[in-house]
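Respectively, the protein sequence lines represent chains A and B. The first sequence begins at 7 in the working numbering and counts up one residue at a time. The second sequence begins at 7 in the working numbering and counts up one residue at a time. Each residue gets a CB set at the ideal place from its N, CA and C atoms; glycine is no exception. Report on the following structure.
Protein chains: 2
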Amino acid sequence: MGSNPGEGPTTRVPLTRERLLSGAIAVADAGGLGALTIRSLAEELGVKPMTLYHHVANKEEILDGMIDAVFGEIALPPPDAGWRSAIRERALSARQVLRRHPWAIALMDSRRSPGPATLRHHEAVIATLRRGGFPIEVVGHAYSLLDSYTYGFAVQEAALPMDADDAPLMVEVFLEQLDPDTYPNLADLAMEFASGSAGEDVDEFEVGLDLVLDSLERLLA
Amino acid sequence: MGSNPGEGPTTRVPLTRERLLSGAIAVADAGGLGALTIRSLAEELGVKPMTLYHHVANKEEILDGMIDAVFGEIALPPPDAGWRSAIRERALSARQVLRRHPWAIALMDSRRSPGPATLRHHEAVIATLRRGGFPIEVVGHAYSLLDSYTYGFAVQEAALPMDADDAPLMVEVFLEQLDPDTYPNLADLAMEFASGSAGEDVDEFEVGLDLVLDSLERLLA
DNA sequence: ACCTGAACACCGTTCAAGT
DNA sequence: ACCTGAACACCGTTCAAGT
């Protein structure tokens, strides 16, 4: 005990706040937020549960850190592009990141203290919009619309099966359980999805995003 | 013990699934999802924890039931109105309901089996859009955009302080902690909110909603 | 039929120690 | 400085009983 038998010096790597957070994200990615406990995280990190409390005050602080790390993964709007393509790229990145970490959405509405990566991100987006010509009074409306759409899309996407490959199968199962007499329109829409998704080349997120961007562009004129 | 001393026959009311669910919603409304445990719910209902398992299989089933009850609270689009005002009213209702039950958003992305109220609701919205002239291929895009915006707005609203009255104070506290040299644009936007919110008469949700509805209207033409 | 007490395997967290 | 064992007050859930 304590003599580290048969293991390389890799286990000597001291625990840091950063390693703790990326471990927590890995656990949540793999098994959802419910799988993330102090005990499971300690196991993942090869350490005893109580050790974690030397790097964070409590579990809340871990959740705050995870959210800030997720924001850090979202690509900042490229500063050299026009506002529309810069904002578009940033929204696509946000959507990909939220798809990778679906647990983050449920966390977002309970976290109240934004971390440095979150602030840096907001700063960059606001700067992009202003550079694009949006007056400060309009920037708030534009950002609210953009992020509401992005987060809301992620919420709905997280409620569906992970892989897009499974989608046709899911729709079929759904259709079988659905009574087309009580829900005729719902059944029609599901059928449309089932038949259309074969040759589906457009991403649903981009369809709505481009409508939102159109709205913003019209706000500028 | 067991002789029900000094209490009226009100305690005789038998527990039903419905009473169980509205009790669960009351507990979550008051203290958040974290306050809802089998034990706290039993206490709220004046019953012992194990009694609940005679009406639901497990806690998951309670959460599913709560979500369906929340959907049931959202007003269906009035059938006699034009599609735009009908959809607008329904979106406003959804937003109010989600504001009343902020915990519902975090639940939505994990629930996978829609209840009857949820299905009935979707059916009515889809019917309204089709009656308004949207081709079936477009209804999916329209509904996705509408609900993404609505849910996402609710997510962001839930991350803020409950009362709109506290908002100016919050912004001020936020501004004090924010370094205006590293986050100049963020600071500007916060200042704009602080000064503008005094004479603020428009609801931010409606600003974005009307832009979304404009987009949909243009899709029809 | 409807309710329950006691018990099980879990949680997050504290405290007093170990190196 | 960094880590930990044992304990505390909680969780959801099972099981075998009580009326």
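Candidates B:D216, B:L184, B:E210, of which the one nearest A:E143 by Cα: B:E210
Report yes or no: do three or more beta-carbon pairs, one from the segment 124-132 of chain A and one from the segment 73-92 of chain A, lie closer than 8 angstroms? yes
Output the distance between the C-alpha atoms of B:P120 and B:R25, rounded to the nearest integer angstrom. 20 angstroms
Show which residues of chain A have a CB atom less than 8 angstroms away from the CB atom of B:A165. M114, D115, S116, R117, R118
Mind checking if A:P108 is an interface residue toward chain B, Cβ cutoff 8 angstroms exclusive? yes
Just mark B:D187 as buried or exposed, buried being the case when its beta carbon has 16 or more other beta carbons within 10 Å. exposed
Could you work out which residue in B:A75, B:E67, B:T124 is closest to A:Y189 when comparing CA atoms only? B:T124
Which same chain residues end up closer than 7 angstroms to B:V177 when comparing Cβ atoms and leaving out the 5 residues on each side of it in sequence? A196, F199, A200
Hey, how far is the Cα of A:I44 from the Cα of A:H107? 19 angstroms
Could you round the C-beta distance between A:L215 and A:Y155 to whole angstroms and report it? I think they count as a contact, below 8 angstroms. 7 angstroms
Classify A:S116 as helix, strand or coil using the three-state DSSP reduction. coil
Beta carbon proximity, A:T17 to chain B, threshold 8 angstroms: Because A:T17 sits at a pLDDT of 42, beneath the cut-off of 50, its placement in the model cannot be relied upon, and the point is left open.
What would DSSP say about A:N191, mapped onto helix, strand or coil? helix
Any 3 or more C-beta pairs closer than 8 angstroms across the segment 23-38 of chain A and the segment 55-74 of chain A: yes
A:E182 to A:L226, Cα distance in whole Å? 47 angstroms
Using a Cβ-Cβ cutoff of less than 8 angstroms, which residues in the same chain neighbour A:I31 once the five nearest sequence positions on both sides are dropped? M72, A75, V76, H107
Coil, strand or helix - A:I80 by DSSP: coil
Using CA coordinates, which residue listed in A:A63, A:L42, A:E223 is at the minimum distance from A:A34? A:L42
Contact set between the segment 184-196 of chain A and chain B, restricted to residues whose Cβ is under 8 angstroms from the partner: L184, T188, Y189, P190, N191, L192, D194, L195
Any beta carbon of chain A sitting closer than 8 angstroms to that of B:F199? yes
List the endpoints of the continuous alpha helix (DSSP H) containing A:T43. No alpha helix (DSSP H) holds A:T43; DSSP gives it neither H nor E.
Counting only Cβ pairs nearer than 7 angstroms, list the residues of chain A close to B:A230. Here chain B covers residues 7 to 227 and nothing more, so residue 230 of chain B does not appear.
Assign A:A63 to one of two classes, buried (16 or more other C-beta atoms within 10 Å of its C-beta) or exposed (fewer than that). exposed
A:D216 - DSSP class collapsed to helix/strand/coil: helix
Delimiting residues of the alpha helix (DSSP H) encompassing B:G88: Run containing B:G88: none; DSSP gives neither H nor E here.
Quick one: residues in its chain with C-beta nearer than 6 angstroms to the C-beta of A:P55, no 5 flanking neighbours on either side, listed in chain order? I44, R45, A48
Proximal residues, the segment 142-167 of chain A versus chain B, C-beta separation under 7 angstroms: I142, E143, V145, G146, H147, S150, L151, D153, S154, Y155, T156, Y157, G158, F159, V161, Q162, A164, A165
Rounded to the nearest angstrom, what separates A:H127 and A:R96 at their Cα positions? 10 angstroms
Can you tell me where the alpha helix (DSSP H) holding A:V131 begins and where it ends? 122-137
8 angstroms Cβ cutoff, A:R94 in contact with chain B: no
Given that a residue counts as buried once 16 or more other Cβ atoms are within 10 Å of its Cβ, and exposed if not, what is B:E163? buried
Tell whether a beta-carbon distance below 8 angstroms holds between A:L5 and A:A100. Limits of chain A in this structure are 7 at one end and 227 at the other, which puts residue 5 of chain A out of reach.
Just tell me which of A:G29, A:S221, A:L166, A:V218 has its CA closest to the CA of A:L51. A:G29
Measuring alpha carbon to alpha carbon, tell me which residue in A:S91, A:R118, A:F159, A:P122 is nearest A:L219. A:S91
List the residues of chain B that A:E212 touches, going by C-beta distances under 9 angstroms, in chain order. Under the 9 angstroms cutoff, chain B gives no residues; its nearest Cβ is about 11 angstroms from A:E212.
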